[in-house]
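Asker: Below is a structure I'd like to ask you about.
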Amino acid sequence: MNSKHQFVQLSDGHFIPGLGFGTYKPQEVPNSKTIEATKIAIEAGFRHIDCAYAYEVEEEVGLAIRSKIEDGTVKREDIFCTSKLWSTFLRPELVQSCLERSLKKLHLDYVDLYLIHFPVALKPGEELYPLDENGKIICDSVDLCATWEVMEKCKDAGLAKSIGVSNFNRRQLEMILNKPGLKYKPVCNQVECHVYHNQRKLLDFCKSKDIVLIAYSALGTQREKRWVDQSSPVLLDDPVLGALAKKHKRSPALIALRYQLQRGVVVLAQSLKENEIKENIQVFDFALTEEDMKVLDGLNRNFRYVTFHLMVDDPNYPFADEY
């Protein structure tokens, strides 16, 4: 693997590259952009590719990975590929079929990491967001511990090397950790995490349980109208990030990414622009001081860009708890 990378060891012994390339894209962006961007990311040195069934770009990600394997840039074992179990597949009998669909689209025999994408179950079917006649989301009732047991079986079957969760709060993590007969604990919890929402309490809890925190929206999201309030602050315009960027002769984005790496957080960087993708991999070329880290800690305001507001009424909605 690219020696420049910083690796984090997961509790099951596997290693995850500390920097990942995120493949979520706004609906209005053509899918072909994902093929191009993922190829550029792999050429630039990204080896950790984060995708999900719900992003609807797994075919494109798979094509990009395949083309970079075929041209000799990487081998399959150099790539750490993540996918996620979507909420319409949380019933135990549906779990493996979602993973198999993702593997087929990605043209892979296994994923390196498979996550439960969100702890709220939705009505099974082909709609990602099933709505009733009043436009309200239709939730489903599922025991997440039963879902987790099938995740364990997927690992045993070799379809996923490691298994974890995403968007779980402390209570939901404890529910899995305390499950009778637990075979494998979640190796990670992927959550929104950036200087405006640094997840300090959740990070400390995860560290105490040997669960790695993976940060999405680390650069403040792509501000897609569907999910993000357009009046919310633009993270990378923050004057403190700007001042530290000047001090280190780096971009605000690199300061925001470096902050996470130095806290022991695995961080995802998302961009469709070639210059930004190539710049984001330069995060290993400098370090922030302790004082810089304190200043960045001070920006926390427990502010979420992505609230999954559609699911707020479900008892499993994770963001009602403090952390």
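Just so we're aligned, residue 1 is where the sequence shown starts under this note's numbering, counting upward by one.
Ideal Cβ placement from N, Cα and C applies to all residues, glycine included.
Does P318 come out as helix, strand or coil in the three-state DSSP assignment?
Answerer: In the sequence shown, counting from the first residue as 1, residue 318 sits at position 318. It is helical.
Asker: For a test of the three-state rule: what should DSSP assign to K155, helix, strand or coil?
Answerer: On the sequence shown, position 155 is the one that residue 155 refers to. If DSSP states are grouped into helix, strand and coil, K155 belongs with the helices.
Asker: Using CA coordinates, which residue listed in A44, H197, S67, L19 is at the minimum distance from G264?
Answerer: As a working mapping, residue 264 is identified with position 264 in the sequence shown. Measuring from the Cα of G264, the nearest candidate turns out to be L19.
Asker: Any beta carbon of chain B sitting closer than 9 Å to that of L85?
Answerer: Here chain B cannot be found, since the structure has a single protein chain.
Asker: List the whole-angstrom C-beta distance separating K123 from D140, where the pair is believed to meet the contact cut-off of C-beta under 8 Å.
Answerer: On the sequence shown, residue 123 is found 123 positions in, with the first residue counted as 1. On the sequence shown, residue 140 is found 140 positions in, with the first residue counted as 1. Their Cβ separation, rounded to whole angstroms, is 5 Å, which keeps K123 and D140 in contact under 8 Å.
Asker: Assuming A54 contacts H117 under a Cβ cut-off of 8 Å, what Cβ separation, rounded to an integer in Å, is found between them?
Answerer: Your numbering for residue 54 matches position 54 in the sequence shown. Your numbering for residue 117 matches position 117 in the sequence shown. Indeed they touch by this definition, with Cβ atoms about 6 Å apart.
Asker: When burial is assigned at 16 or more other CB atoms within 10 Å of the CB, is A320 buried or exposed?
Answerer: Residue numbering aside, residue 320 sits at position 320 when the sequence shown is read from its first letter. So A320 ends up on the exposed side.
Asker: Quick check: the Cα distance between S217 and V195, rounded to an integer number of angstroms?
Answerer: In the sequence shown, counting from the first residue as 1, residue 217 sits at position 217. In the sequence shown, counting from the first residue as 1, residue 195 sits at position 195. One C-alpha to the other measures close to 10 Å.
Asker: Comparing C-alpha positions only, which one of L310, P318, Q262 sits nearest to K134?
Answerer: To locate residue 134, count along the sequence shown from 1; it is residue 134. The question names Lys, but residue 134 in the sequence shown is Asn. Minimum Cα distance to N134 is reached at L310.
Asker: Which of the three DSSP states, helix, strand or coil, is assigned to L115?
Answerer: Stepping through the sequence shown from its first residue, residue 115 is reached at position 115. DSSP places L115 in strand when its eight states are reduced to three.
Asker: Under 8 Å, with one C-beta from each stretch per pair, do the stretch 62-74 and the stretch 32-44 reach the 3-pair mark?
Answerer: Cβ pair count under 8 Å is three or more, so yes.
Asker: If I follow the unbroken alpha helix (DSSP H) through T38, where does it start and stop?
Answerer: As a working note, residue 38 is residue 38 in the sequence shown. That run of the alpha helix (DSSP H) goes 32-44.
Asker: Do you know offhand how far P130's Cα is from L254's?
Answerer: As a working note, residue 130 is residue 130 in the sequence shown. As a working note, residue 254 is residue 254 in the sequence shown. About 38 Å.
Asker: Taking the alpha helix (DSSP H) that E276 belongs to, which residues open and close that run?
Answerer: In the sequence shown, the residue the question calls residue 276 occupies position 276. Counting along the chain, the alpha helix (DSSP H) containing E276 begins and ends at 274-280.
Asker: Just how far apart, CA to CA, sit S162 and D112?
Answerer: Along the sequence shown, read from residue 1 onward, the residue named residue 162 stands at position 162. Along the sequence shown, read from residue 1 onward, the residue named residue 112 stands at position 112. If you take the alpha carbons of S162 and D112, they lie about 6 Å apart.
Asker: Quick check on DSSP: helix, strand or coil for S87?
Answerer: Position 87 of the sequence shown, counted from the start, is the residue given in the question as residue 87. Reduced to three states, the DSSP call for S87 is helix.
Asker: In chain order, what residues of the same chain have a beta carbon less than 7 Å from the beta carbon of Y305, not counting five sequence neighbours either side?
Answerer: Locating residue 305 in the sequence shown gives position 305, where the first residue counts as 1. If we look at Y305 and ignore the five residues flanking it on each side, its Cβ neighbours are E192, S217, G220, T221, V228, S232.
Asker: When the Cα atoms are used, what is the spatial distance from F303 to L235?
Answerer: Along the sequence shown, read from residue 1 onward, the residue named residue 303 stands at position 303. Along the sequence shown, read from residue 1 onward, the residue named residue 235 stands at position 235. If I take the Cα positions, the gap works out to 11 Å.
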